[in-house]
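Colleague:
2 protein chains.
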Amino acid sequence: MSDLKVLIVDDEARMRKLVKDFLVKKDYIILEAADGEEALEVFFDNNDISLILLDVMMPKMDGFEVLKEIRKTSKVPVIILTAKGDEEDELKGFELGVDEYISKPFSPKILAARVDALLRRANKLDEGVIAVGNIELNKPSHIVKVCGNIIELSYKEFELLVYFIENKDIALSREKILNNVWNYDYFGDARTIDTHVKKLRAKLTKDADYIKTIWGMGYKFEVD
Amino acid sequence: MSDLKVLIVDDEARMRKLVKDFLVKKDYIILEAADGEEALEVFFDNNDISLILLDVMMPKMDGFEVLKEIRKTSKVPVIILTAKGDEEDELKGFELGVDEYISKPFSPKILAARVDALLRRANKLDEGVIAVGNIELNKPSHIVKVCGNIIELSYKEFELLVYFIENKDIALSREKILNNVWNYDYFGDARTIDTHVKKLRAKLTKDADYIKTIWGMGYKFEVD
DNA sequence: AATTTTTGTGAAGAAGTCGTAAGATCAGGC
DNA sequence: GCCTGATCTTACGACTTCTTCACAAAAATT
Chain A
576 MSDLKVLIVD DEARMRKLVK DFLVKKDYII LEAADGEEAL EVFFDNNDIS LILLDVMMPK
636 MDGFEVLKEI RKTSKVPVII LTAKGDEEDE LKGFELGVDE YISKPFSPKI LAARVDALLR
696 RANKLDEGVI AVGNIELNKP SHIVKVCGNI IELSYKEFEL LVYFIENKDI ALSREKILNN
756 VWNYDYFGDA RTIDTHVKKL RAKLTKDADY IKTIWGMGYK FEVD
Chain B
576 MSDLKVLIVD DEARMRKLVK DFLVKKDYII LEAADGEEAL EVFFDNNDIS LILLDVMMPK
636 MDGFEVLKEI RKTSKVPVII LTAKGDEEDE LKGFELGVDE YISKPFSPKI LAARVDALLR
696 RANKLDEGVI AVGNIELNKP SHIVKVCGNI IELSYKEFEL LVYFIENKDI ALSREKILNN
756 VWNYDYFGDA RTIDTHVKKL RAKLTKDADY IKTIWGMGYK FEVD
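Residue numbers (this note's numbering), protein chains in the order written: chain A, 576 to 799; chain B, 576 to 799.
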């Protein structure tokens, strides 16, 4: 049922193994990183990580710095592993968009339960129907409405719109768009995107003219 | 479509009202109980309660005791309402067979979504007859009617129709259909589906022309 | 203002997908 | 074994979508 990827970041190999052993049993795919820099590498190399377990105390780059970096481009659920009762940490985390805290030491059972719960929440609720500006987008049923009226989009147009909306307010280079919306074995012309953007803009009409051009850079989906 | 009974158990009248107002809109029938003892009374007096929303912190008898009592005779779905981050509660609940956790404070939207999801899960399993649009489908007896007239379907056609109906309004890729309707060790041609869809469409006639093709994607069963 | 770079647009060909029909294969009953 | 009906494969035409290309328009640079 799942096959969701979970990234565990901790400098102690023992801790990673503990968590891994438990989560593997629940059919999660576990990726590991031993420090902050490695964590970022792994995260950005895999564009489909569903959840991150992040230790705070780490050499080189601590958990919060990692989180700050990740939050620049992603809303992936993050569980922070912290020493017991460190209130300062907790406050800091909430500002950065932490989803859960777990204090060390913890029982693996609790951890697994939290991971389950968080993923269920994250995957069930905001995946599916998204609404931005005058656009309503229903992912499972593949329907897009502008001001309540259904518009017909081709497969690629739909994928492209979803990608734009899921990365709204972020400037996207053509390269990035190609890598995410097209299969990565596609090495065609980047101008293909222009054509699709053109068609998408036409279909979205003036009522949802949210795809902005960023000259010399790419495109950005922006509502107001 | 629903008329399902939901029991909300909480000692705060304000909380009960909040939840009630929201769920009534979704056509659920709401029963209330202000403490554990009352909850058991109400539950055993009504033998057709579909779901229980259970607060943990209550006078006289807490939520877990209520749950323990109920689980002696019933597998009714239960959602536990708990204070944020109470780990002990969470673990205790899993052992007792809690289906979901929702931490206070929660948004009514989330609550409603969880209730829907849980009931859908619970009810689908033992429901044998499904009716959508002009189609009546009786799963155990393997009979399908269109506008009241029985139509003869082969085994695969029937399975396919069931799968479509159980996933109505959702765009289904051929791969997904293959994996679910065919055995997962089947690696044949995806075009096989086309043939079956064609036959199914022909047998369902114009009166139940609900299988839409989504170009470049797959099929979708849609009634409206 | 002229030049260079980048983006918008329209059209046409390439590539991919769907519906259909016809034939092959398989399984069960006689 | 032979027949029968269901299921699966294959092939082709019709259609949709994707990609490319050429040129126009716009923005930045000189």
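Heads up, the beta-carbon is just placed ideally off N, CA and C, and yes, glycines get one too. In this text, all values refer to a predicted model and were calculated from it rather than measured experimentally.
Indicate whether isoleucine 677 of chain B and leucine 656 of chain B have their beta-carbon atoms separated by less than 9 Å.
Modeller: It is a contact, given that the beta carbons lie within the stated cut-off.
Colleague: How far does the beta strand (DSSP E) with lysine 796 of chain A in it extend, from its first residue to its last?
Modeller: Residue identity differs from the one stated: residue 796 of chain A is phenylalanine in this sequence, not lysine. Start and end: 793-796.
Colleague: When you compare each of A:Phe762, A:Asp784, A:Gly763 to leucine 826 of chain A by their alpha carbons, which one comes out closest?
Modeller: A question about residue 826 of chain A goes unanswered here, because the residues of chain A that appear run from 576 up to 799.
Colleague: At a CB-CB cut-off below 8 Å, which residues of chain A make contact with lysine 795 of chain B?
Modeller: Correct list: Ser716, His717.
Colleague: For asparagine 755 of chain A, which three-state DSSP category applies?
Modeller: In the structure shown, asparagine 755 of chain A sits in a helix (DSSP, three-state: H, G or I).
Colleague: How do the segment 719-737 of chain A and the segment 771-791 of chain A stand: do at least 3 beta-carbon pairs fall below 8 Å, yes or no?
Modeller: A contact exists between the segment 719-737 of chain A and the segment 771-791 of chain A.
Colleague: In the structure shown, what three-state DSSP assignment does valine 630 of chain B receive?
Modeller: The residue you asked about is not valine; residue 630 of chain B is aspartate in the sequence shown. Aspartate 630 of chain B falls in the strand class under three-state DSSP.
Colleague: Answer with yes or no whether the minimum CB distance from tyrosine 761 of chain A to chain B is below 9 Å.
Modeller: Closer than 9 Å: no.
Colleague: Would you kindly work out how many angstroms separate the C-alpha atoms of lysine 720 of chain A and aspartate 596 of chain A, rounded to a whole number?
Modeller: Straight-line Cα distance between these residues: approximately 45 Å.
Colleague: Give me, in chain order, the residues of the same chain whose beta-carbon lies closer than 8 Å to that of lysine 520 of chain B; leave out the 5 immediate sequence neighbours on both sides.
Modeller: Only positions 576 to 799 of chain B appear in the structure, and residue 520 of chain B is not among them; the question remains open.
Colleague: How would you list, in chain order, the residues of chain B whose beta-carbon sits under 9 Å from the beta-carbon of alanine 706 of chain A?
Modeller: In chain order: nothing, as chain B lies at least about 13 Å away.
Colleague: Would you mind sorting alanine 588 of chain B into buried or exposed? The rule is 16 or more other CB atoms within 10 Å of its CB.
Modeller: Exposed.
Colleague: Return the chain-ordered list of same chain residues with a C-beta closer than 8 Å to the C-beta of aspartate 550 of chain A, the five sequence neighbours on each side being excluded.
Modeller: Nothing can be reported for residue 550 of chain A, as the shown portion of chain A is limited to 576 through 799.
Colleague: Report the option in A:Glu750, A:Ile710, A:Pro683, A:Asn758 whose CA atom is closest to the CA atom of glutamate 741 of chain A.
Modeller: Measuring from the Cα of glutamate 741 of chain A, the nearest candidate turns out to be A:Ile710.
Colleague: Give the secondary structure of valine 721 of chain A by DSSP, where H, G and I count as helix, E and B as strand, and everything else as coil.
Modeller: Correct three-state label for valine 721 of chain A: strand.
Colleague: By alpha-carbon positions, which one of A:Glu644, A:Ile605, A:Arg591 ends up nearest to leucine 615 of chain A?
Modeller: That would be A:Glu644, whose Cα lies nearest to the Cα of leucine 615 of chain A.
Colleague: By DSSP's criteria, lysine 679 of chain A is part of a beta bridge. Which residues make up the other side?
Modeller: Bridge partners of lysine 679 of chain A: A:Ala658.
Colleague: Give the residues of chain B in contact with tyrosine 730 of chain A, contact being defined as C-beta atoms less than 7 Å apart.
Modeller: In chain order: Trp790, Gly791, Met792.
Colleague: When DSSP builds the beta bridges, which residues end up paired with threonine 788 of chain B?
Modeller: Threonine 788 of chain B pairs with B:Tyr794.
Colleague: Which value, in whole angstroms, describes the spacing of the CA atoms of arginine 646 of chain A and leucine 642 of chain B?
Modeller: Cα to Cα, the separation comes out at about 40 Å.
Colleague: Contact check, alanine 746 of chain B vs proline 715 of chain A under 8 Å by CB: the rounded distance?
Modeller: Going by Cβ atoms, the distance from alanine 746 of chain B to proline 715 of chain A rounds to 7 Å, so yes, they are a contact pair.
Colleague: Am I right that leucine 606 of chain A and leucine 626 of chain A are in contact with their C-beta atoms under 8 Å? What's the rounded C-beta distance?
Modeller: About 11 Å; that fails the 8 Å criterion.
Colleague: Mind checking whether valine 798 of chain B and glycine 723 of chain B have CB atoms under 9 Å apart?
Modeller: Cβ distance not < 9 Å, so valine 798 of chain B and glycine 723 of chain B don't count as in contact.
Colleague: I believe isoleucine 604 of chain B touches leucine 579 of chain B by the beta-carbon criterion, under 8 Å. Please report the beta-carbon distance rounded to the nearest angstrom.
Modeller: Right, their Cβ atoms sit about 7 Å apart.
Colleague: Name the one or two DSSP bridge partners that aspartate 584 of chain A has.
Modeller: Per the sequence presented here, residue 584 of chain A reads as valine, with aspartate not at that position. DSSP lists A:Ala608, A:Leu629 as partners of valine 584 of chain A.
Colleague: Between lysine 795 of chain A and the rest of its own chain, which residues show a CB-CB distance below 6 Å, the 5 nearest in sequence each way excluded?
Modeller: Taken in chain order, the residues that qualify are Ala746, Lys787, Ile789.
Colleague: From the DSSP output, in three-state form, read off isoleucine 624 of chain B for me.
Modeller: Strand.
Colleague: Under three-state DSSP, which class holds leucine 712 of chain A?
Modeller: Leucine 712 of chain A falls in the strand class under three-state DSSP.
Colleague: Over the uninterrupted alpha helix (DSSP H) stretch that includes isoleucine 768 of chain A, give me the two end residues.
Modeller: Run containing isoleucine 768 of chain A: 766-779, per the alpha helix (DSSP H) assignment.
Colleague: Is there a Cβ from chain A that is less than 9 Å from the Cβ of alanine 746 of chain B?
Modeller: So, interface residue.
Colleague: What residues from chain B crowd round alanine 692 of chain A, counting only those whose CB sits closer than 7 Å?
Modeller: The answer, in chain order, is Tyr676.
Colleague: Looking at C-alpha atoms only, which residue of A:Leu593, A:Leu753, A:Leu694 is the closest neighbour of lysine 679 of chain A?
Modeller: Nearest C-alpha to lysine 679 of chain A: A:Leu593.
Colleague: Just curious, the beta strand (DSSP E) that isoleucine 705 of chain A is in, first and last residue?
Modeller: Note, isoleucine 705 of chain A: beta strand (DSSP E), 704-707.
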